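A.B. asks:
2 protein chains.
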Amino acid sequence: MTIQPLHVAHKNAVNAAMLAGPNANPSLANMGSVTNFDRNATIFHEGDAADYSYKVVAGAIRLSKMMSDGRRQVAEFALSGDFIGLNWLDEHAMTAEALTDVTLIAYTRGRLERLGDENQAIRAELFSTLRHDLWAAHNHLVLLGRQSALERVACFLLEMRRRSPNTDKTTIAVPMTRRDIADYLGLTIETVCRMLTRLKQMGVIDIPDRHTIAVRNLAGLRHAAEPEA
Amino acid sequence: MTIQPLHVAHKNAVNAAMLAGPNANPSLANMGSVTNFDRNATIFHEGDAADYSYKVVAGAIRLSKMMSDGRRQVAEFALSGDFIGLNWLDEHAMTAEALTDVTLIAYTRGRLERLGDENQAIRAELFSTLRHDLWAAHNHLVLLGRQSALERVACFLLEMRRRSPNTDKTTIAVPMTRRDIADYLGLTIETVCRMLTRLKQMGVIDIPDRHTIAVRNLAGLRHAAEPEA
DNA sequence: CGCAATATTGATATCGATCAATGAAAGTGG
DNA sequence: CCACTTTCATTGATCGATATCAATATTGCG
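Chains as they are written, first to last, in numbering that gives the first Met the number 0: chain A, 0 to 228; chain B, 0 to 228.
Below is the structure:
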């Protein structure tokens, strides 16, 4: 139905174990093939046959659904360590696009199902991933259904901060555009901008550049995210 | 933290197989204990240890999350055949309350995990349930993030219609209150009422009583739910 | 350098929330 | 079964948060 952008994938003959290092667990990490996608590439598209699932090794991915008239809802931003495309039914329920150049480990669906049947640890990892995704989706429902614009933006920043692998939690990397953030939060670009400006004027954050937020007052940010009863 | 209403559970010594009938599959349906809850009873509460999961045999259940200041988001209405409380992490992530008198089959978490490890069919059923819940949550995200009030209400009616076990699809049973619907759709009671009135004035539905909607023009309802691009 | 995409800020419009009043149904206790 | 109370639902009037429309500013890229 929709024209699909060209995939720019460089599938290497490198086994994923090479990335996992010598002390890796006997887990999923070393049983797929490494794949790279350029920034803006489509990894899979809503409606595609769900032949592959992926684990993100590096980079960031946008998972979204589109309505027939073009309205878009971003369900999730997948970062390093996250699984995507695991919630197959017959076809992928959403579109995955690379926000930055990304490195993934690709697993065929059949392989993953077999591994899950045979190995208790892997099975537990798959269950755990699905449960975590469900937990995240349910929190997202509360955000979209019941939180104000300022709360949504503050929550988003805290979520990005929490998920950041950096030990330095005073700056938050924001690889996505304002449009992506807006579509994640159920707002418009302009409202996202205004709320960021507001947080800045409140002395809670600084915005050194578009893709970086500096936290100046964490308690203030937390308060903006969920004012107590 | 919150005072929890008294549970009114009548756990019978009846094995679930008695409900499943003689031709039941060797599936989950016959491996738990039957439990009843009265209308308005709390089945489990957000934060409770996730010791049990349940399959709904009869009745309807509201699954919701509450913010500290009382704002509520309903994530799901569970109807006959649905699983609830499967997405444990350590504790239940939401509160389950009976909308009507309900009959459930209760499974201990440990039992369910063991069954899932031992039996491929049950394992597949558990995976399938989690994937379905995730699919539903993602559709719900689009609804909350990007749809208008009229679209939300129309979608809700179509969802209830789709899930209805009745062969007669001209009337839709709506066991929940307007407040429940509003909290599911991220709206206020008043807006839900107004949109129902609007659909009625459009000749799309009738409202014979609070808990019943008659569909007079299905195509019209579908159009209200998602106007084409 | 210059163009296109992205971000910010301002002015105004709109949808849905809030406030308010009434009506209808469902409990509850006599 | 009825009177009384409470909860739930509907409708109207008004308000306000966020969307929309519009104008610039900034960034990134060929």
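Note that CB positions come from ideal geometry on N, CA and C, so glycine has one too.
All values reported here derive from a predicted model rather than from experimental measurement.
#1: Which chain B residues are close to Gln72/A, counting only those with a beta carbon under 8 Å from its beta carbon?
#2: If distances are taken between C-alpha atoms only, which option among Arg110/A, Thr34/A, Ala136/A, Thr196/A comes closest to Phe76/A?
#3: Would you mind working out which of Arg151/A, Leu125/A, Gly202/A sits nearest Asn216/A, comparing C-alpha positions?
#4: So, helix, strand or coil for Ala48/B, using DSSP?
#5: If the cut-off is 9 Å on Cβ atoms, which residues from the segment 76 to 90 of chain B count as contacting chain A, listed in chain order?
#6: Do you know how far the Cα of Ile171/A is from the Cα of Asp291/A?
#7: Drop a sphere of 10 angstroms on the beta-carbon of Leu88/B, count the other beta-carbons inside from all chains shown, and report buried for 16 or more, exposed for fewer.
#8: So with Cβ pairs under 8 Å, would you call Pro226/A a contact of chain B?
#9: Quick check: Ser32/B and Arg108/B, are their CB atoms within less than 8 Å of each other?
#10: Return yes when the Cβ of Asn35/B is within less than 8 Å of the Cβ of Thr94/B, no when it is not.
#11: Helix, strand or coil for Met194/B? Go by DSSP, reduced to three states.
#12: Just to check my reading of the structure: Ala105/A and Asp37/A have Cβ atoms closer than 8 Å, yes? What is that Cβ distance to the nearest angstrom?
#13: Suppose contacts are defined by Cβ-Cβ distances below 8 Å. Is Val141/A in contact with Gln72/B by that definition?
#14: Helix, strand or coil for Val152/A? Go by DSSP, reduced to three states.
#15: So, are the CB atoms of Ala304/A and Leu78/A less than 8 Å apart?
#16: Just grab the DSSP bridge partners of Lys64/B for me.
#17: Does the distance from the C-beta atom of Ala223/B to that of Leu143/B stay below 8 Å?
#18: Beta carbon of Leu195/A, beta carbon of Ile188/A: below 8 Å?
#19: Is the beta carbon of Leu156/B less than 8 Å from the beta carbon of Ile212/B?
#20: Does Glu124/A pass the burial test, meaning 16 or more other C-beta atoms within 10 Å, or should it be called exposed?
#21: Helix, strand or coil for Val203/B? Go by DSSP, reduced to three states.
#22: For Phe82/A and Ala49/B, what's the separation of their Cα atoms in angstroms?
#23: Does Gly219/A come out as helix, strand or coil in the three-state DSSP assignment?
#24: Can the beta-carbon of Pro174/B be found closer than 8 Å to that of His210/B?
#25: Can you tell me whether Gly84/B is buried or exposed? The criterion is at least 16 other CB atoms within 10 Å of its CB, across all chains shown.
#26: What do you reckon, are the CB atoms on Leu184/B and Arg151/B nearer than 8 Å?
#27: Give a yes or no on whether the minimum CB-CB distance between Ser163/B and chain A is below 8 Å.
#28: What does Asp167/A reach in chain B if we use C-beta pairs closer than 7 Å?
#29: Quick one: Cα of Asn138/A to Cα of Arg113/A, how far?
#30: If I'm right that His91/B touches Phe126/B with Cβ under 8 Å, what's the distance once you round it to whole angstroms?
#31: Using C-beta distances below 7 Å, list every residue in its chain close to Leu186/B, excluding the 5 sequence neighbours before and after it, in chain order.
#32: Specify the secondary structure class of Glu90/A as computed by DSSP and reduced to three states.
#33: Can you grab the Cα-Cα spacing for the pair Pro25/A / Thr190/B, in whole Å?
#34: What did DSSP end up calling Thr187/B once you bin it into helix, strand or coil?
#35: Comparing C-alpha positions only, which one of Asp132/A, Thr176/A, Asn86/A sits nearest to Thr99/A?
#36: Between which two residues does the alpha helix (DSSP H) holding Ala120/A run?
C.D. replies: So, from the data block:
#1: Mapped onto the first sequence, residue 72/A falls at position 73. Annotation: Cβ neighbours of Gln72/A in chain B (cutoff 8 Å, chain order): Leu140, Val141, Gly144, Arg145.
#2: The residue given as residue 76/A occupies position 77 in the first sequence. Phe76/A has its Cα closest to that of Ala136/A, out of Arg110/A, Thr34/A, Ala136/A, Thr196/A.
#3: Numbered from 1 along the first sequence, position 217 holds the residue referred to as residue 216/A. It is Gly202/A.
#4: As a working mapping, residue 48/B is identified with position 49 in the second sequence. The DSSP-derived three-state label of Ala48/B is strand.
#5: Leu85, Asn86, Trp87, Leu88
#6: Chain A is shown only over 0 to 228; residue 291/A falls outside these bounds and no answer can be derived.
#7: In the second sequence, residue 88/B corresponds to position 89, counting from 1. Exposed is the call here.
#8: For the purposes of this step, residue 226/A is taken as the residue at position 227 of the first sequence. Chain B contact via Cβ: present.
#9: Residue numbering aside, residue 32/B sits at position 33 when the second sequence is read from its first letter. Residue numbering aside, residue 108/B sits at position 109 when the second sequence is read from its first letter. The answer is no: Cβ separation not under 8 Å.
#10: Reading the second sequence from its first residue, position 95 is the one you call residue 94/B. Reading the second sequence from its first residue, position 36 is the one you call residue 35/B. Not closer than 8 Å, so no.
#11: Numbered from its first residue, the second sequence carries residue 194/B at position 195. It is helical.
#12: The residue you call residue 105/A lines up with position 106 of the first sequence. The residue you call residue 37/A lines up with position 38 of the first sequence. 16 Å between Cβ atoms; not a contact.
#13: Sequence index remark: in the first sequence, residue 141/A carries index 142 (1-based). Sequence index remark: in the second sequence, residue 72/B carries index 73 (1-based). In this structure, Gln72/B lies closer than 8 Å to Val141/A by Cβ.
#14: As a first step, residue 152/A is located in the first sequence; it is residue number 153 there, counting from the start. Helix.
#15: Absent from the structure is residue 304/A, since the part of chain A shown begins at 0 and ends at 228.
#16: Residue 64/B sits at position 65 when you count from the first residue of the second sequence. BP columns for Lys64/B point to Gln72/B.
#17: Start at 1 with the first residue of the second sequence, and residue 223/B comes out as number 224. Start at 1 with the first residue of the second sequence, and residue 143/B comes out as number 144. Against a cut-off of 8 Å, the Cβ pair of Leu143/B and Ala223/B comes out as no contact.
#18: Looking up residue 195/A in the first sequence gives position 196. Looking up residue 188/A in the first sequence gives position 189. In this structure, Ile188/A does not lie closer than 8 Å to Leu195/A by Cβ.
#19: Counting from 1 along the second sequence, the entry for residue 156/B is found at position 157. Counting from 1 along the second sequence, the entry for residue 212/B is found at position 213. In contact: Leu156/B and Ile212/B (Cβ atoms closer than 8 Å).
#20: On the first sequence, residue 124/A is found 125 positions in, with the first residue counted as 1. Flag for Glu124/A reads buried.
#21: Position 204 of the second sequence, counting from 1, holds the residue named residue 203/B. Three-state result, Val203/B: coil.
#22: As a first step, residue 82/A is located in the first sequence; it is residue number 83 there, counting from the start. As a first step, residue 49/B is located in the second sequence; it is residue number 50 there, counting from the start. Cα to Cα, the separation comes out at about 24 Å.
#23: Reading the first sequence from its first residue, position 220 is the one you call residue 219/A. Helix.
#24: Within the second sequence, the letter at position 175 stands for residue 174/B. Within the second sequence, the letter at position 211 stands for residue 210/B. Taking 8 Å as the Cβ cut-off, Pro174/B and His210/B qualify as a contacting pair.
#25: Translated into the one-based positions of the second sequence, residue 84/B becomes position 85. Looking at its Cβ environment, which holds 16 or more other Cβ atoms inside 10 Å, Gly84/B is buried.
#26: Position 185 of the second sequence holds residue 184/B. Position 152 of the second sequence holds residue 151/B. Going by C-beta atoms, Leu184/B is nearer than 8 Å to Arg151/B.
#27: Residue mapping note: residue 163/B aligns to position 164 of the second sequence, counting from 1. No, because no Cβ of chain A sits closer than 8 Å to the Cβ of Ser163/B.
#28: Position 168 of the first sequence holds residue 167/A. Simply none; closest approach about 28 Å.
#29: Looking up residue 138/A in the first sequence gives position 139. Looking up residue 113/A in the first sequence gives position 114. About 31 Å.
#30: For this step, residue 91/B is matched to residue 92 along the second sequence. For this step, residue 126/B is matched to residue 127 along the second sequence. At roughly 20 Å, the Cβ-Cβ gap does not stay under 8 Å, so His91/B and Phe126/B are not in contact.
#31: Here residue 186/B refers to the residue found at position 187 when the second sequence is read from its first residue. Once the five neighbours on either side are set aside, the close Cβ partners of Leu186/B are Ala148, Arg151.
#32: Locating residue 90/A in the first sequence gives position 91, counting from the first residue. In the structure shown, Glu90/A falls within a strand segment according to DSSP collapsed to helix, strand and coil.
#33: Position 26 of the first sequence holds residue 25/A. Position 191 of the second sequence holds residue 190/B. Unreliable placement is indicated for Pro25/A, whose pLDDT of 48 sits below 50; the coordinate value is still reported in the next sentence. In a straight line, the C-alpha of Pro25/A is about 54 Å away from that of Thr190/B.
#34: Looking up residue 187/B in the second sequence gives position 188. Residue state, collapsed to three classes: coil.
#35: The sequence position of residue 99/A within the first sequence is 100, counting from 1. Minimum Cα distance to Thr99/A is reached at Thr176/A.
#36: Taking the first residue of the first sequence as position 1, residue 120/A is located at position 121. For Ala120/A, the uninterrupted alpha helix (DSSP H) run begins and ends at 119 to 145, by DSSP.
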